[in-house]
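In the numbering used here, the protein residues as written are 8 to 380.
Glycine included, C-beta positions come from ideal geometry on N, C-alpha and C.
This report concerns only the one structure given below.
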Ligand code: HEM
């Protein structure tokens with residue numbers, strides 16, 4: 008009886024092991040470099056499951072041992088997943104062969120969250136097409152101009168709020184940028200723009216003088232240096248450091264370093280945006296904050312598909328223009344009226360990011376001292 012029980016338990020363990028590791032030769036069989044250290048059932052993603060790391064950091068650690076390879080495989084639990092690292096592959100997946108990679112990896116349980124089930128980011132197929140079309144209607148130039156009236160009102164409220172606080176605190180306040188009613192990008196852009204504050208201020212003043220002091224649609228459009236500063240902030244700190252897609256139709260990926268691989272439906276593809284944005288091959292002195300990379304003269308030097316703050320292709324952020332407008336309006340408002348100085352409470356770079364979050368979010372708060380001009 009004991010022997011029978013022992014054999015049954017052992018057999019179950021062996022069967023479970025075989026089942027949980029059955030896919031783990033997928034990349035080796037296809038001659039694609041693969042991350043070391045697979046754990047049965049967990050693949051390479053245990054640190055993510057227990058929230059010990061961010062998806063961006065995990066993907067980077069998977070890529071680091073293979074600095075010159077364009078693709079690196081790993082296992083998302085038992086599912087084969089592939090990190091792509093060169094612009095030609097990014098173009099193939101996000102744009103040219105979108106039909107084969109049309110799903111995002113992020114999904115929600117439709118029973119638990121009925122509200123977001125039709126959100127374009129989370130759905131696919133016909134539901135995505137319809138939902139994307141509806142949402143796109145909200146971001147036409149006409150809608151943006153209407154929306155800007157609302158942003159202008161929010162800017163006035165923000166200005167009044169800050170002025171009241173300054174009055175009550177001897178004209179200097181310490182503020183946390185993320186809690187300043189700003190979206191993440193605004194806070195990071197405000198944080199990174201401290202080094203070029205005067206140049207932005209000069210632009211804001213010159214343009215506003217032409218537009219009666221109004222942060223109108225055309226005034227914001229003319230503030231091109233702020234665009235450069237926001238772009239450069241997004242290059243260093245992209246909101247989605249790693250974009251995940253699911254293969255929906257079989258496809259052969261071929262890269263410039265001679266790797267080639269037939270990808271099957273269900274395989275996950277991760278675009279390592281954070282790494283591409285800091286790769287010296289595409290960005291000279293990548294760690295330097297240099298908004299002039301995006302000047303009209305130098306912009307043409309930027310290789311296509313190496314700058315992906317809003318994604319690319321048919322799934323590019325539907326609200327990109329609105330998000331830029333809003334970010335510019337907040338930045339222009341702050342630069343017009345106030346000076347910012349980093350507080351000692353803000354840690355020095357490199358910033359650490361929130362484990363478990365798929366968005367790039369600083370662990371520490373970003374504190375600044377704000378004073379009126
Ligand atoms: C500066 C702020 C923002 C940034 C950096 C940003 C960035 C992104 C990125 C990287 C994607 C993924 C693209 C892909 O999967 O290929 C995305 C998708 C999306 N974003 Fe944004 N976004 C911003 C603001 C917004 C806002 C304010 C809204 C809505 C009001 C919005 C709505 C969407 C939607 C609906 C999608 C899914 C599009 C699709 O899958 O068809 N985004 N965004």
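Span of the alpha helix (DSSP H) holding residue i?
i	result
residue 342	327-344
residue 208	204-217
residue 155	148-175
residue 295	Looking at the DSSP string, residue 295 is not in any alpha helix (DSSP H), and its letter there is neither H nor E.
residue 237	231-243
residue 97	94-98
residue 86	That residue, residue 86, is in no alpha helix (DSSP H); its beta strand (DSSP E) goes 86-91.
residue 280	280-284
residue 140	132-144
Report the rounded CA-to-CA distance for residue i versus residue j, giving the unit in angstroms.
i	j	result
residue 292	residue 137	43 Å
residue 142	residue 23	45 Å
residue 78	residue 366	22 Å
residue 62	residue 239	22 Å
residue 268	residue 130	27 Å
residue 17	residue 50	22 Å
residue 227	residue 146	16 Å
residue 242	residue 12	59 Å
residue 354	residue 373	8 Å
residue 377	residue 345	6 Å
residue 270	residue 115	24 Å
residue 182	residue 171	14 Å
residue 84	residue 46	8 Å
residue 180	residue 173	6 Å
residue 122	residue 148	27 Å
residue 286	residue 358	18 Å
Between which two residues does the beta strand (DSSP E) containing residue i stretch?
i	result
residue 268	267-270
residue 80	78-83
residue 251	250-253
residue 379	374-379
residue 258	258-261
Quick one: measure Cβ to Cβ for residue i and residue j, integer angstroms, because I've assumed they're closer than 8 Å.
i	j	result
residue 20	residue 42	Not a contact, Cβ separation roughly 25 Å.
residue 203	residue 321	Going by Cβ atoms, the distance from residue 203 to residue 321 rounds to 34 Å, so no, they are not a contact pair.
residue 375	residue 184	6 Å
residue 255	residue 35	About 24 Å; that fails the 8 Å criterion.
residue 334	residue 192	5 Å
residue 295	residue 244	With a Cβ gap of about 14 Å, residue 295 and residue 244 do not count as contacting.
residue 329	residue 144	Not a contact, Cβ separation roughly 12 Å.
residue 112	residue 275	5 Å
residue 338	residue 200	7 Å
* Which residue spans inside the segment 8-72 form an unbroken beta strand (DSSP E) run of at least 3? -> None, since the segment 8-72 contains no complete beta strand (DSSP E) of that length.
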